[in-house]
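From first to last, the protein sequence lines are chains A, B, C, D and E.
Taking the numbering used here, the leading residue of the first sequence gets 849, the next gets one more, and so forth.
Taking the numbering used here, the leading residue of the second sequence gets 849, the next gets one more, and so forth.
Taking the numbering used here, the leading residue of the third sequence gets 849, the next gets one more, and so forth.
Taking the numbering used here, the leading residue of the fourth sequence gets 849, the next gets one more, and so forth.
Taking the numbering used here, the leading residue of the fifth sequence gets 849, the next gets one more, and so forth.
In this text, a Cβ means the ideal position worked out from N, Cα and C, and glycines have one as well.
Below you'll find the structure, written out as C-alpha cells, and then a few comments.
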Amino acid sequence: MASLKLKKRRRPGISPGTLDGFSHTDRTKEAPIHLIQYSAQEFFESDIDDVAHMTCPAVTHDGVYWYNIDGVNHPEQLSKIGYMYQLHPLLVEDIASADQRAKMDDYENHVFLSLKTISFEPKHHVLTSEQISIVFGKGYVLTFQELNKSGDVFDPNRERLKQNKGRMRRMGSDYLVYSFLDTVVDNYFLVMEKMGERLEIIEQEMLVSPTAQHLKDLYKIRRELIYMRKAIWPLREVISKLQRDECSLISAEVSVYLRDVYDHTIQVIETLESFRDILSGIVDVYLSSLSIRMNNVMKVLTVISTIFMPLSFIVGLYGMNFKYMPELESPYGYPLVVTTCVALAGSMLYYFKRRGWLN
Amino acid sequence: MASLKLKKRRRPGISPGTLDGFSHTDRTKEAPIHLIQYSAQEFFESDIDDVAHMTCPAVTHDGVYWYNIDGVNHPEQLSKIGYMYQLHPLLVEDIASADQRAKMDDYENHVFLSLKTISFEPKHHVLTSEQISIVFGKGYVLTFQELNKSGDVFDPNRERLKQNKGRMRRMGSDYLVYSFLDTVVDNYFLVMEKMGERLEIIEQEMLVSPTAQHLKDLYKIRRELIYMRKAIWPLREVISKLQRDECSLISAEVSVYLRDVYDHTIQVIETLESFRDILSGIVDVYLSSLSIRMNNVMKVLTVISTIFMPLSFIVGLYGMNFKYMPELESPYGYPLVVTTCVALAGSMLYYFKRRGWLN
Amino acid sequence: MASLKLKKRRRPGISPGTLDGFSHTDRTKEAPIHLIQYSAQEFFESDIDDVAHMTCPAVTHDGVYWYNIDGVNHPEQLSKIGYMYQLHPLLVEDIASADQRAKMDDYENHVFLSLKTISFEPKHHVLTSEQISIVFGKGYVLTFQELNKSGDVFDPNRERLKQNKGRMRRMGSDYLVYSFLDTVVDNYFLVMEKMGERLEIIEQEMLVSPTAQHLKDLYKIRRELIYMRKAIWPLREVISKLQRDECSLISAEVSVYLRDVYDHTIQVIETLESFRDILSGIVDVYLSSLSIRMNNVMKVLTVISTIFMPLSFIVGLYGMNFKYMPELESPYGYPLVVTTCVALAGSMLYYFKRRGWLN
Amino acid sequence: MASLKLKKRRRPGISPGTLDGFSHTDRTKEAPIHLIQYSAQEFFESDIDDVAHMTCPAVTHDGVYWYNIDGVNHPEQLSKIGYMYQLHPLLVEDIASADQRAKMDDYENHVFLSLKTISFEPKHHVLTSEQISIVFGKGYVLTFQELNKSGDVFDPNRERLKQNKGRMRRMGSDYLVYSFLDTVVDNYFLVMEKMGERLEIIEQEMLVSPTAQHLKDLYKIRRELIYMRKAIWPLREVISKLQRDECSLISAEVSVYLRDVYDHTIQVIETLESFRDILSGIVDVYLSSLSIRMNNVMKVLTVISTIFMPLSFIVGLYGMNFKYMPELESPYGYPLVVTTCVALAGSMLYYFKRRGWLN
Amino acid sequence: MASLKLKKRRRPGISPGTLDGFSHTDRTKEAPIHLIQYSAQEFFESDIDDVAHMTCPAVTHDGVYWYNIDGVNHPEQLSKIGYMYQLHPLLVEDIASADQRAKMDDYENHVFLSLKTISFEPKHHVLTSEQISIVFGKGYVLTFQELNKSGDVFDPNRERLKQNKGRMRRMGSDYLVYSFLDTVVDNYFLVMEKMGERLEIIEQEMLVSPTAQHLKDLYKIRRELIYMRKAIWPLREVISKLQRDECSLISAEVSVYLRDVYDHTIQVIETLESFRDILSGIVDVYLSSLSIRMNNVMKVLTVISTIFMPLSFIVGLYGMNFKYMPELESPYGYPLVVTTCVALAGSMLYYFKRRGWLN
C-alpha cells in the first residue's frame, strides 16, 4: 500500500466518458453481481448472471434492491449497467478509474459516491485499500468494489440485513448507504487504533534504546498517515454535502445519522493530525538525544587525547638518543618525569571536571 | 493520560444506535444516580435507585431537576433513561462511547453536549481526563460522567446551589449548564497554570545546565499540549454554537454568560499555542547551545592534536636507533630539539589564537 | 514580563460575576479616582474621594466626564461603581481579572473595552505591560488601570485636553476613547522600534562574531514577540468591530479615525511577523555557519592526524630495540627515513589539497 | 525547465495593451495558422496563409471553426487577429506575454483562457512547459501556442475530431474547449506518474545506500513540484469559475464535464502536496540516518583512542633512556607491562560494552 | 534597504491629524510641485511655485491636472494643499508619515492611495524603496513622492503623455492612476527578475563549491523577500478594492485594466513565495551536503586512527628498554613485527572496506 506509483488512468486525449483507454481492462470475465432485496418483511439473496436480469430503476417495487458488483475491469459490463440505470458516461468512467478522489455527484435521479476503504492486514503488517463506488436512487443501491476477492468490507451489513437487526430493513436505500459509510469510517477507526498501538510501542522503545530501524518504522507510519489523510480528507466534504439537505434522496431521519458519521470522520482526521504531531515529536526527541550522546562521546575523546598526548610527548622526549642529555644521567630524572606526568594528568582532570566535561 | 491507545468504540458493522458493541460494558452494577432539585426557594437532594423514579420531562414542574449519573458502562440503564427522556439512539450511543469529540447536537426538545474535563493530578504528576455528557431540556439536566469515582469536578457547583450563592437558584436549566461549562473551562485554566509553571522551571534550568531529562520532560508537556488542544479546540465551536442564538433553550440572559465562557476558551487556546511556541523555542536554544559546545570541544581536541602530533613526531625521530645520525652526537642537538618544539608549539598557539579558536 | 506564570483568576466553581474569588484583592485601600470633565469651552480636573460623588450616567450633562480609576484590587469599590453605572456583573469581573484577552462587549447603554498597553522600560531592558479596561457611554468614560503607580500611559492625552489642542475638546466620549486606542497603538510602535534596533544590532554582531549569548538574546526577543502577538492580535478584532458600524456609540466621524488606528494595528502585526521571520533567519544563518566551522575544524584535525600518525609509526619502527635490524646499521638508513617522511607528508598534503580540504 | 529566470515581459512604463515592449518579437515570419472546421456531419482541415482569410465571428455559420496559431512572437499578426475578433488590447497582450498566470477573463462575446501544459521529456529527463491561450465564442475557438514546433499537445483531440469518435463533433465550441482542458490535465497526471516512479526509486535506493546524488535528485524533484504547483494552482480557480454557471458560453451539459476536470485538478494538487510531504520525509530519514552513522563512527574512534593512547604512554614511559630506572633491570618488568596493557585494554572494552558503545 | 530600523512616526499622544510630531520635518524649503495638464488635444507642463496657484478641484475644467509633489517633509505646504483639496487631516498625516502600509481610503470626492515602489539599484546591489501617495478625484491627480531626488519612477508615464502614445490622453484621471499602478507593479517584476538571476547563480555555484558567503547572500535575499512581501501583500488588497466597483471614481473601462494589474500583483506574490521555497530548498541541500562531507571526513580520521594507533603501540612496545625482552634477541623478531603490522593494517582496511567506509 501507499505505493507512489499512481494507478493507470485513461490516457490523455482519449475521449472522456469512454472506457477504451484503461489498460488494465480484462475482457474475458464479467464481474460477479450479487443481489440482496429486502423490505421490512422480506429478505431475498441471489447471484445475477446477466446485467439484463437486473431490475430497471423506472419500474417501482417495494423494498430495496442492493446490487453488489465485485470488480470494475470489464468495460462492456459497466457500459450495460450504465445504460440500464441511465448513468452519465463520466460516472461510469469514474467507477472504472481506480485512483479516484472521494467524491459525491448529485444527478437528477441518483447520487454517485466514491470512497476508499482502508483496512489493516495483520499478516503482512500493511494497510490495504479498496475503492468503492456507490450509486443509489429510490429503491436501489449499486455498489462497485475495485477488487474481486473473497471477504468483504460490507459483510457485517449483509449479516445485519439478514438477521433483521436494528432499524435497517424498515428504512430505504438512503439508510443502507449510510450504513456503508458508517462501516467504512468505523474501519478507519480500527486502523487508527492499530496505528496508535504501534506508535506507542515505538515511543516506549525509543525512549529506552532507539535504533535506526525505529526511524524507518516511523517513516513508514508517516507515509501511511499521509496516505490516509489523502483518502479521508475529501470524504469529510462528501458526507457534509450529503448531510446538509443538498441531496433530495436523503430523508431527514437519515440526515441525523449522517451527522453522526460526519462527526466520526472529523474525529479520525483530528486523530490523524495529532498522530503526525506526536510522530514528529518522537523523531525530534530522538535526534536531540543523538546530539547529546555525540557530545558526550566527543568529550570522552577530547579528555583522553588532551591528557595523554602531552604525556606521550614528555616520555618521547626522554626516549631520544642524544649523547648529551644531562637529565638522563640524574637519578632524580625518572621519578621527576613520572611525578610531572601524574601532576599534569591530575590538573587536566581537575580542569575538565570544573568545565563539567566529566559527567 | 495522553495515551495513544484509543479507547474501544463500537465494532465496525455493528448496528449504529445499539449499545451491544461496547466491549467494556459491565452489566452487573447500575451506575448511581444523584438528583438535585432546586428552585429559588427550595433545595432538595437525594439518590435515585431506579431509573423509573426519575421525573418524566413531559410533566411540568417548578424548578430544575439535575440528575447526575456516575458511570456509562451499563447499557440497559442508559437505554431506559434514553427511553424515558426520548433520546435519539445515536445520542445514547455517544454517551456510552468513551472517546467522543466535544460536540453539541440540538434536538427538538433537548440539547446534547459532550465535552472533556482535564485536571492535573498532583500525586502522580499526570493529567487526568474525564468525558462528561450533558442533556438538558426545559426544567431538567442530565449529566453523565464517564468514571464512577468519589470526588467530582462539579462539587463546587453543588455547593453553590446548596448555599444559594449567586443567582444560580433563581435561573433555569440553561444557567446550570452554563455553570458546568464555566467550571470545566476554569479547570483548563488551572491546568494551564500548572503547565506554565513547569515550563518556566524547565526553561530556567535549561539555560543553566540542560540535561537529556529536560528534553523528555518537554516532550511530555508537548504531548499534553497536543492532547489538550484536541479536547478544547472543538469545545470552542460548541460554545459558540450554543451562544449564537442557534439554540432555543438558551435564554438571552444566559447567552451573555456563554459569551464570557467562549472568551475564556479562546484565551486557553491562545495560551496553548503560545506555550507550544515557547516550548519549541526552548528546544531550539538547547540544541543550538549543544552545537556551540560541540564546536568548542572539537576545537580543544584539534588544538591539542595539532600541537602535540608534530612534536611527538620530532622526538620520535631522535628516538630512532640508527647508527649514523650525526645530530645525536652534537652537544647542541638536544637543546635545539627542545627549542624547536617550544617554538613550534608557540607559533601554533599564536595561529589558533588569531583564528579565534582559543576563546 | 512575558512570564509564563499566569496571573491568578477566579477559582473554578466560584460563582461567576462575583469578586470574592480573587486572591490578590486588597481591601484596605480604595483606588484613587481622578476626574477630568471637559467640553469645547470648559476644562475641569479633580480627585474623587468617594464613588458616591461620581455622576450618574442617567442624568444628562454637557461635555464629557472621564473618570480614571488607578487600581482594580478593591472589590467593594468596583461593585459600587458597577452598581452606579449599571454594569453587568461579568463586566465588573473582567475589570478585576488581571489576565484578560483584549475584548469589546457592546451592552445597550455602554461599551466595554479591555486591552493591554506594552511599553519598553529602558532601565531594566524589559517590557512592561498593563491591562486597561475602558467603559464608555454617552457623555462619560471610565478607565481602569491595573496598576496603581505614578506616571501614566494616558498623560499625553490629559495634556492635550488641558491645552485644548486638536479637535479633542469639541468631540464626544467616543473620540476620547479613540485617542486612548491611538496612544496605546503608538506605544506598540515605540516598542517595535526598540526591538528592531536590538534585532539589527544582534544581526550585525552575529555576522561578525556570534556567541551563545546572542542566541539567548534572540530567544528573549522571540519570547517578547510571542507575548506581544498574543496581546495585539485580538485588539485588531476589537478595533475592527468598533469601527464597522457595529456599535451605536461610535459616530461616523470617529469611525474614520478608528479605521486609521486599525491600519496601524495591522501594520504592527505585520511588522511582528516579519521580525519573527528575520529572527529565525538569523538563527538559521548562525547554525549553518556553526556547521561550516565545525567542518573546517574537523578537516584540520583529520589532515594533521593523517599526516603525522603514519610518520610517527615509521619513526617508532626504527626506535625498536631489536638486535637484528639491518637498516639501522646502514649509513643511508637515517636519510632515507627522513626523505620518506617528507615525501609521505608532501603527497598527503597534495592529496588533501586536491580534495579541497586545505582552504 | 523550472528556470528561475523569468521570461521577459513588457518593460515598465510601456503603454499597456501595446505589443511594442516585447523584446523577443520576431517580425520576419508570421506564425502558421491551422483551421479545423467541423460539425456533426462535416470535417474540414486547412492551413490559412493570411489573417484576412479567417472567418468573421459576427457572421453565423454551422459547426465550429477552430483556428490554431503556432507562435505568438509576431505582434502585427496578433494585432490583426485581435482586430478581427474584437479582442481587448490587454487580452492580446496576455497572449503575447510568455510568463502568464493561468487565468480566465469573461468578455461579453468571448472568453479568454490562459494555461500551461507540462509534459515530461524522456530524452533529457526534464519537464517542458508551454503556455496555451484560448479564446472562444459562439462557433469558434482560437488557440495560441507559445512555441512553434512540430508535435502538439492537442494532436489526440484533432485525431478524435477527424475520426468522429465520442460526442465531440455533435457538440459546440465549449465542448472543444473542455476537451483541451481535459487533455492538459491528463498530461499533468502523466507527469505526476513519472514523478511518483522517480520518487519511489529514490526512496528504495536511499533506504539501502544513500548518496549525495540522491539529495540533488530530490532537490530537483522538489523544484519541479514547486513549479508545477505554481502552474496548476490557479488553473483550479479558472476551471471552477468556468464551471459554476458564471459564464454564459458554457452549456449545462458541458458544465458536468467541467466538474469532472475540476475534480481531476484537485486530485493532481493533492497528489503534489502528498509528494512534497513524502519527499521531505525521505530527506528527514536520510539526515537522521547520517547522524546515527556519524555517532557510530565517532564511537569507534573514541574507543580506539581511549584504549591505545594510555597503552602508548606506558610503553613510551619504558622507552625512556634514564640511567636510573630500576624497573628496566627487573626480569618481571617486561611481562608486567604486557600484562598491565592487556588488563587495561580489557577493562576499557568491558566499560565501553556496558555503556553500549560496541554495538 | 530592508533596514529593521522603523522610520520615525508621530510620537505617542500627539494629536492625530496634526503634523507637528514628525521629527524629520524640514521647514526651510518647500517641495517642488510639477504640473502636467492634458486632454486628448492638449499637453501642458509647468512648475508651480506656490500652493495657491494650484487649481481648485471644485471648479470644473477640461482634461486632467496632475500635480506631482517631490517631498513630504514640509508640513505647512502639506497643510495648505490639504486645505485646498479638502483632504481629511488623517489623510494628510498618512502622506507625511514615511512608513505607511499600502492602503486605499475612499472619501466622498476623492480617493487616497498609498504604496511603495521598489527598485534594484545596480551600483550598490541594493533594493531602494520609496513611498508614493496618490490622491485623485474627478479631473485631478496629486502624487506625493517621499524623496526629493532627480530621476523618477513615473518618467515613462510622463513620456507617454507627452508623446500622446496609447489611449492615455483620451482617458480620465482614473486611467492615469491605473498607469501609475501598472508602472509600479512592472518595477516589482524587474526586481523579481534580478532576484531570480541572483538566486540561480547562487544555486549553480552552491551545487559545485558552496561557501559561507553564499549562505550570507541567501540570507540577504531572504531578507529582501520578506521586505517585498510586506510591501506588496497589502497592495493586492488595495487594487482588488479599487477594481471591484467599490469606488465610484473608477470607470468600468478602467476597471478591466485594473483587473490586469491585479493579476500581475498576484503573480508577483506567487513568484515571491516560490522563491522562498526554492531558497530554503537550496539551504537544505547545502546543509545536508555539509553533513555528508562531515561524515566522510570523520570516516577518514577514524580509519587512519584505527590503523595506526595499534601499530604505534606495537612498535612502541619493542622500543622499551627492559633488560629482559627475549623477542629483541631473536633474529625473527623484527621481520615478525613488520609482518604483523602489515597484516593488522590489511585486515583493518578489509574490515572498513566491507563496512563501506572507504568510498
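Under 8 Å between C-beta atoms of D:I1069 and D:L1047: D:I1069 places its beta carbon less than 8 Å from that of D:L1047.
Residue range of the unbroken alpha helix (DSSP H) whose run includes D:M1054: Run containing D:M1054: 1021-1056, per the alpha helix (DSSP H) assignment.
Whose C-alpha, out of B:K928, B:K877, B:Y886, B:H972, is nearest the C-alpha of B:H909? Residue B:Y886 is the option with its Cα nearest to B:H909.
Is C:M952 helix, strand or coil when you go by DSSP? Residue state, collapsed to three classes: strand.
Cβ neighbours of D:C904 in the same chain (closer than 8 Å, five flanking residues each side left out): These residues qualify, in order along the chain: M932.
Under 8 Å, Cβ to Cβ, is there at least one residue of chain C near E:Y1166? Chain C, which has a Cβ nearer than 8 Å to the Cβ of E:Y1166, makes this yes.
Terminal residues of the beta strand (DSSP E) in which E:S1160 lies: Counted as a single uninterrupted DSSP element, the stretch harbouring E:S1160 is not any beta strand (DSSP E) but the alpha helix (DSSP H) occupying residues 1100-1165.
What number of angstroms, rounded off, separates the C-alpha of E:N1102 from the C-alpha of E:S977? A quick correction: the sequence has Val, not Asn, at residue 1102 of chain E. Each residue's alpha carbon lies about 27 Å from the other.
With burial defined as no fewer than 16 other Cβ atoms inside 10 Å of the residue's Cβ, what is the status of C:I1049: buried or exposed? Of the other Cβ atoms in all chains shown, fewer than 16 fall within 10 Å of the Cβ of C:I1049; this residue is therefore exposed.
Neighbour list for C:E1118 in chain E, Cβ cutoff strictly below 9 Å: Per Cβ cutoff of 9 Å: R949, K1078, W1081, P1082.
Identify which residue in E:L1097, E:Y1036, E:D1000, E:M1019 has its Cα closest to the Cα of E:W1081. Proximity to E:W1081 across E:L1097, E:Y1036, E:D1000, E:M1019 peaks at E:Y1036, based on C-alpha coordinates.
When you compare each of E:Y1023, E:M1019, E:R1017, E:E969 to E:V1265 by their alpha carbons, which one comes out closest? Nothing in the structure corresponds to residue 1265 of chain E, since chain E is present only between 849 and 1207.
I believe E:M1168 touches D:V1185 by the beta-carbon criterion, under 8 Å. Please report the beta-carbon distance rounded to the nearest angstrom. Correct: roughly 7 Å between the Cβ atoms.
From which residue to which residue does the alpha helix (DSSP H) around A:F1002 run? Unbroken run through A:F1002: none, as it is neither H nor E.
Give the interface partners of A:K1201 over in chain B, defined as CB-CB distance under 9 Å, in chain order. Under the 9 Å cutoff, chain B gives no residues; its nearest Cβ is about 14 Å from A:K1201.
Buried/exposed call for A:D954, threshold 16 Cβ in 10 Å: Its Cβ having fewer than 16 others within 10 Å, A:D954 is exposed.
Do the CB positions of B:A1079 and B:I966 come within less than 8 Å of each other? It is a contact, given that the beta carbons lie within the stated cut-off.
In chain D, which residues lie with their C-beta within 7 Å of the C-beta of E:S945? Chain D residues near E:S945: none, gap ~26 Å exceeds 7 Å.
Name, in chain order, the residues that DSSP records as bridge partners for D:E964. In the sequence on display, residue 964 of chain D carries Lys and not Glu. Residue pairing by DSSP puts D:K964 in a beta bridge opposite D:Q979.
With a Cβ-Cβ cutoff of 8 Å, do C:V959 and C:L1097 count as a contact? For the pair C:V959 and C:L1097, the CB atoms are nearer than the 8 Å cut-off.
Along the chain, where does the beta strand (DSSP E) that runs through B:W914 open and close? Unbroken beta strand (DSSP E) run through B:W914: 912-918.
How should C:Y1199 be labelled, buried or exposed, when 16 other C-beta atoms within 10 angstroms of its C-beta is the threshold for buried? Its Cβ having fewer than 16 others within 10 Å, C:Y1199 is exposed.
Got a sec: which bits of the region 1133-1164 of chain C sit with their beta carbon under 7 Å from any beta carbon on chain B, in order along the chain? For the region 1133-1164 of chain C, which is checked against every Cβ of chain B, the residues closer than 7 Å are L1135, L1138, R1141, M1142, V1145, M1146, V1148, L1149, I1152, S1153, F1156, L1159, S1160, V1163, G1164.
Under 9 Å from the C-beta of C:F1028: neighbouring residues of chain E: Residues of chain E passing the Cβ test: none, with the nearest at roughly 10 Å.
Going along chain C, which residues have a C-beta under 8 Å from B:V1104? In chain order: H936, L938.
Which whole-angstrom value describes the C-beta separation of B:A946 and B:Q979, a residue pair presumed to lie in contact below a C-beta threshold of 8 Å? 6 Å between Cβ atoms; contact.
Once DSSP output is grouped into helix, strand and coil, what is the label at D:L990? In the structure shown, D:L990 sits in a strand (DSSP, three-state: E or B).
Is it buried or exposed, E:K1201, if we count other Cβ atoms within 10 angstroms and call 16 or more buried? Residue environment analysis places E:K1201 among the exposed positions, since fewer than 16 neighbouring C-beta atoms fall within 10 angstroms of its C-beta.
What does the alpha-carbon distance come out to for the pair B:V1116 and C:Y1075? Rounded to whole angstroms, B:V1116 to C:Y1075 spans 14 Å at the Cα level.
Does DSSP put D:S1178 in a helix, a strand or coil? Coil at D:S1178, not helix or strand.
At least one CB of chain E closer than 8 Å to the CB of C:I982: is that the case? Put simply, the CB of C:I982 is far from chain E, with every gap to its CB atoms at 8 Å or more.
At the 8 Å Cβ level, is A:P970 part of the contact set with chain D, yes or no? No, no contact with chain D.
Could you name the residues of chain A that B:Y1182 contacts, counting a contact when the two beta carbons are closer than 8 Å? Residues of chain A whose Cβ lies closer than 8 Å to the Cβ of B:Y1182 are, in chain order, M1168, F1170, Y1172, M1173.
When the Cβ atoms of the region 1121-1137 of chain C are set against those of the region 1151-1163 of chain C, are three or more pairs found closer than 8 Å? The region 1121-1137 of chain C makes no contact with the region 1151-1163 of chain C, as fewer than three CB pairs between them are under 8 Å.
Partners in chain C for B:D1111, counting only beta-carbon separations shorter than 7 Å: In chain order: R949, K951.
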